[in-house]
Amino acid sequence: TIEFDNSCVDEPTSFTFNVNQTVTGATWNFGDGTTSTLINPSHTYTLPGTYNVSVTVTGAFGFGSNTSQITIFPKPTLLNNTVTLKQCDDDNDGYSAFNLNESIPLLVSSTTGLNITFHETLTQAQDENSSITNTSSYTNQIINNDIVYARVENANGCYKTAQVNLQVSTTSIP
């Protein structure tokens, strides 16, 4: 049987197979005009859709082949990859509380079917790690200018990240 990991467009999809013999060679057809002779290849689909993936394996007892249909899903559509939130600083210390949720309408036209989380680093957003829990009152961690990252994920687990710039404007006007 053909097994694969990752079904999102523009990301590497890893392919493997289960077989009851030692494999000495394999020929893959990814269904989009691309082939590979690696035993465990990785392939990046550039368009979402349904693809017929086939593999022919060669081993000590002969050869065999199998075909499997896979679906590659699109990533969410972002209106902007970078947005900026500005907040006044009433006590001139360079820190202020931001409502990160205010960036959501600047990132996507609709939140239907999407899960949006915020993270302090890009790596955390990509790995879906350590999301910011208080999104309605997040205080910047770096004086005056800070960056957090939004992870916008659809129901298929495909995601995009966006940068949210946090600017604190110090003023002597109450």
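The working numbering applies: residue 47 is where the sequence shown begins, and numbers increase by one.
All C-beta atoms in this analysis are idealised placements derived from N, C-alpha and C, irrespective of residue type, glycine included.
Since residue i sits in a beta bridge, which residues does DSSP pair it with?
| i | result |
| --- | --- |
| Thr81 | Asn75 |
| Ser177 | His165 |
| Ser88 | Ser60 |
| Cys54 | Phe119 |
| Leu131 | Leu212 |
| Gly200 | According to the sequence displayed, residue 200 carries Asn and not Gly. Paired residues: Leu160. |
Who are the Cβ neighbours of residue i in its own chain at under 6 Å, not counting the five residues just before and after it?
| i | result |
| --- | --- |
| Pro87 | Phe61 and Trp74 |
How is the beta strand (DSSP E) around residue i delimited, first residue to last?
| i | result |
| --- | --- |
| Ile48 | Ile48 to Asp51 |
| Ile188 | Element bounds for Ile188: n/a, residue is neither H nor E. |
Can you tell which of the options has the C-alpha that lies nearest to the C-alpha of residue i?
| i | options | result |
| --- | --- | --- |
| Val210 | Thr70, Asn147, Cys204 and Pro122 | Asn147 |
| Asn66 | Phe107, Ser215 and Asn200 | Phe107 |
| Ile188 | Gln213, Thr207, Ala171 and Asn180 | Gln213 |
| Thr81 | Phe63, Asn64 and Val101 | Val101 |
| Ser114 | Asp135, Gly105 and Asn64 | Asn64 |
| Ser215 | Pro94, Ser53 and Gly140 | Gly140 |
| Gly95 | Ile116, Gly159 and Gly79 | Ile116 |
| Ile150 | Ser53, Tyr195, Cys54 and Glu57 | Tyr195 |
Residues in its own chain within less than 7 Å of residue i by CB, not counting five upstream and five downstream?
| i | result |
| --- | --- |
| Leu85 | The amino acid at residue 85 is misidentified as Leu; the sequence shows Ile. Once the five neighbours on either side are set aside, the close Cβ partners of Ile85 are Val69 and Ala72. |
| Ser155 | Leu125 |
| Gly77 | Tyr97, Asn98 and Val99 |
| Thr128 | Ala208, Gln209 and Asn211 |
| Leu152 | Leu125, Asn126 and Val129 |
Over what stretch of residues does the alpha helix (DSSP H) that includes residue i continue unbroken?
| i | result |
| --- | --- |
| Asp139 | Where Asp139 is concerned, there is no enclosing alpha helix (DSSP H), given that its DSSP letter is neither H nor E. |
| Ala106 | It is not in any alpha helix (DSSP H) - Ala106 carries neither H nor E in the DSSP assignment. |
| Leu153 | Ile150 to Leu153 |
Can you grab the Cα-Cα spacing for the pair residue i / residue j, in whole Å?
| i | j | result |
| --- | --- | --- |
| Ile118 | Gly203 | 11 Å |
| Asn191 | Glu199 | 26 Å |
| Phe109 | Thr83 | 14 Å |
| Leu131 | Phe50 | 40 Å |
| Asn38 | Ser142 | Nothing can be reported for residue 38: it is not among the residues displayed for the chain, which extend from 47 to 220. |
| Thr92 | Lys206 | 15 Å |
| Arg197 | Ala171 | 6 Å |
| Thr90 | Phe144 | 38 Å |
| Pro122 | Leu168 | 17 Å |
| Val103 | Tyr184 | 54 Å |
| Thr163 | Ile178 | 7 Å |
| Ser53 | Ile193 | 29 Å |
Beta-carbon within less than 8 Å of residue i's beta-carbon, same chain only, minus the 5 sequence neighbours each way: which residues are those?
| i | result |
| --- | --- |
| Asn112 | Thr47, Ile48, Phe63, Ser100 and Val101 |
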